[in-house]
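Student: Have a look at this one before I ask anything.
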Amino acid sequence: MNVTDPHGLNQGYPNRNQTSGTLPLDKDLSPKEKDSSAGCYEQLLISTEVFLTLGIVSLLENILVVAAIVKNKNLHSPMYFFICSLAVADMLVSVSNASETVVIALINGGTLTIPVTLIKSMDNVFDSMICSSLLASICSLLAIAIDRYITIFYALRYHNIVTVRRALLVISSIWTCCTVSGILFIVYSESTTVLICLITMFFTMLVLMASLYVHMFLLARLHMKRIAALPGNAPIHQRANMKGAITLTILLGVFVVCWAPFFLHLILMITCPRNPYCTCFMSHFNMYLILIMCNSVIDPIIYAFRSQEMRKTFKEIFCCTQQCEWRGKYRLLS
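Structure below.
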């Protein structure tokens, strides 16, 4: 990757598992620093099969999420459309990561020969997809947070404020802006200013989302008591809305845990690239990529555990697939 990984495709066919180009040379270190950082200079070795497996699992899981939302009309709501956007972003992140790793392995193994002039373009395409998907993930999470906030605090006006048309417009805007931004980030990735902008955007979004969730949970109980005084099933709807807010809080927590090491890596690249302790942390870059891909695998599991409607639709999809297979076998036998 241009932005973070010195072992991208454009670095003369290197492998992700080779020694990092950002590591300090031994002659630049004192004997004490050499001893304290021994064993930290080599990149952590993770097999290509691990990246490929996670990429395939993430692809299948997130396709299942998108298919479930498309199939079930009960899931045709703004929140689930935002979840669909998040699933697509998760899928692109992991598939792009896995694809880049496989291409690097094929090149290093001599199986695939690509002109040097094409290497940089391929690397930029992969990295632009990853960066755009990252930004789309953050923006989709923010959109979900705002949706839950409006659901809880403006429950009676929610359907007038958040319509399906507006949700689709927001999603279109998110992907358009994130795609353009992702391409620009990669094109100008050698600039420290661009990295600082990316890091700042990440933490600004997190602070904004955290503020929304804290406000929601601090005042939600009081608001639920007021809603409970209204006739009908308002309290039931409010409890469902709170469950949705909790689900999205879990998603946000998993996102932070999986992406934080990656952004800490970026921060260390800017602030202390030659410090032996920073170098030791950065030598585990491949593990941070695995964490990112794990986020894409975990999210669909969260949807399944937290949403009964999603579980029901998943079962229907699986049962339909099995019935189609049985019918096909029966026709062949008959």
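Numbering-wise (the UniProt record's numbering), the sequence shown opens with residue 1 and increments by one.
Using N, Cα and C, we set each Cβ at its ideal position, and we do this for glycine too.
All of these numbers come straight from a predicted model, not from anything done at the bench.
(1) V65 by DSSP, collapsed to three states: which one?
(2) Would you check if there are 3 or more beta carbon pairs closer than 8 Å linking the segment 151-165 to the segment 178-189?
(3) Classify S172: buried if its beta carbon has 16 or more other beta carbons within 10 angstroms, exposed otherwise.
(4) Quick check on DSSP: helix, strand or coil for P115?
(5) Please report the Cβ distance between I317 and L64, rounded to the nearest whole angstrom; I am assuming they are in contact, meaning their Cβ atoms lie under 8 Å.
(6) Going by other Cβ atoms of all chains shown within 10 Å of its Cβ, with 16 needed for buried, is G109 buried or exposed?
(7) For M287, which residues in the same chain have their Cβ closer than 8 Å to its Cβ, ignoring the five residues on either side in sequence?
(8) According to DSSP, simplified to helix, strand and coil, what is P273?
(9) Can you tell me whether S211 is helix, strand or coil according to DSSP?
(10) Enumerate in chain order the residues of its own chain whose CB-to-CB distance from C258 is below 8 Å, with the five nearest sequence positions on each side excluded.
(11) Can you grab the Cα-Cα spacing for the pair I107 / V66, in whole Å?
(12) Looking at C-beta atoms only, is the number of pairs between the segment 164-181 and the segment 110-121 that lie closer than 8 Å three or more?
(13) Just the Cα atoms here: how many angstroms apart are A155 and I161?
(14) So, using beta-carbon positions, are L75 and T247 closer together than 8 Å?
(15) State the DSSP-derived secondary structure class of G110, mapped to helix, strand or coil.
(16) Taking the alpha helix (DSSP H) that L169 falls in, what are its first and last residues?
(17) Quick one: what does DSSP say L219 is sitting in, helix, strand or coil?
(18) For I69, I'd like the list of residues in its chain whose CB is within less than 6 Å of its CB, leaving aside the five on either flank, ordered along the chain.
(19) Report back the beta-carbon spacing between L141 and L251 to the nearest angstrom; my notes put them in contact at under 8 Å.
(20) Put I317 into one of helix, strand or coil per three-state DSSP.
(21) Are S128 and G182 touching if we call contact CB-CB under 8 Å?
(22) Can you find the residues in the same chain that come closer than 8 Å, C-beta to C-beta, to K71, ignoring five residues on each side of it along the sequence?
(23) Return helix, strand or coil for E190, following the three-state DSSP convention.
Tutor: On the basis of the coordinates in this document:
(1) Locating residue 65 in the sequence shown gives position 65, counting from the first residue. If DSSP states are grouped into helix, strand and coil, V65 belongs with the helices.
(2) Too few Cβ pairs lie closer than 8 Å, so no.
(3) Position 172 of the sequence shown, counted from the start, is the residue given in the question as residue 172. Exposed is the call here.
(4) For this step, residue 115 is matched to residue 115 along the sequence shown. Here P115 sits in coil by DSSP.
(5) What you label residue 317 is simply residue 317 of the sequence shown in a count that begins at 1. What you label residue 64 is simply residue 64 of the sequence shown in a count that begins at 1. About 7 Å separates the two Cβ atoms, so the contact holds.
(6) Taking the sequence shown and counting its residues from 1, the one referred to as residue 109 is at position 109. Exposed: under 16 other Cβ atoms inside 10 Å.
(7) Walking along the sequence shown from the start, residue 287 turns up at place 287. Correct list, in chain order: L44, I46, P261.
(8) Translated into the one-based positions of the sequence shown, residue 273 becomes position 273. Three-state result, P273: coil.
(9) Locating residue 211 in the sequence shown gives position 211, counting from the first residue. DSSP, reduced to helix, strand and coil, places S211 within a helical segment of the structure shown.
(10) What you label residue 258 is simply residue 258 of the sequence shown in a count that begins at 1. Residues L291, I292, C294, N295, I298 of the same chain have their beta carbon placed closer than 8 Å to that of C258, with the five preceding and five following residues left out of the count.
(11) The residue you call residue 107 lines up with position 107 of the sequence shown. The residue you call residue 66 lines up with position 66 of the sequence shown. Straight through space, the alpha carbons of V66 and I107 are spaced by roughly 33 Å.
(12) Too few Cβ pairs lie closer than 8 Å, so no.
(13) As a first step, residue 155 must be located in the sequence shown, where it is residue number 155. As a first step, residue 161 must be located in the sequence shown, where it is residue number 161. One C-alpha to the other measures close to 10 Å.
(14) Mapped onto the sequence shown, residue 75 falls at position 75. Mapped onto the sequence shown, residue 247 falls at position 247. Against a cut-off of 8 Å, the Cβ pair of T247 and L75 comes out as no contact.
(15) Here the question's residue 110 lines up with position 110 in the sequence shown. If DSSP states are grouped into helix, strand and coil, G110 belongs with coil.
(16) Counting from 1 along the sequence shown, the entry for residue 169 is found at position 169. 164-187 is the span of the alpha helix (DSSP H), which, as asked, contains L169.
(17) If you number the sequence shown from 1, residue 219 lands on position 219. In the structure shown, L219 sits in a helix (DSSP, three-state: H, G or I).
(18) Within the sequence shown, residue 69 is the residue found at index 69, counting from 1. If we look at I69 and ignore the five residues flanking it on each side, its Cβ neighbours are L75, Y80, C84.
(19) Position 141 of the sequence shown holds residue 141. Position 251 of the sequence shown holds residue 251. Contact holds; Cβ gap of about 7 Å.
(20) Counting from one through the sequence shown, the residue named residue 317 turns up at place 317. When secondary structure is reduced to three states using DSSP, I317 falls in the helix class.
(21) Here residue 128 corresponds to residue number 128 of the sequence shown, with the count starting at 1. Here residue 182 corresponds to residue number 182 of the sequence shown, with the count starting at 1. In contact: S128 and G182 (Cβ atoms closer than 8 Å).
(22) Here residue 71 is taken as the residue at index 71 of the sequence shown, counted from 1. Excluding residues within five positions, the ones whose Cβ falls inside 8 Å are T313, E316, I317.
(23) In the sequence shown, counting from the first residue as 1, residue 190 sits at position 190. Coil, per DSSP.
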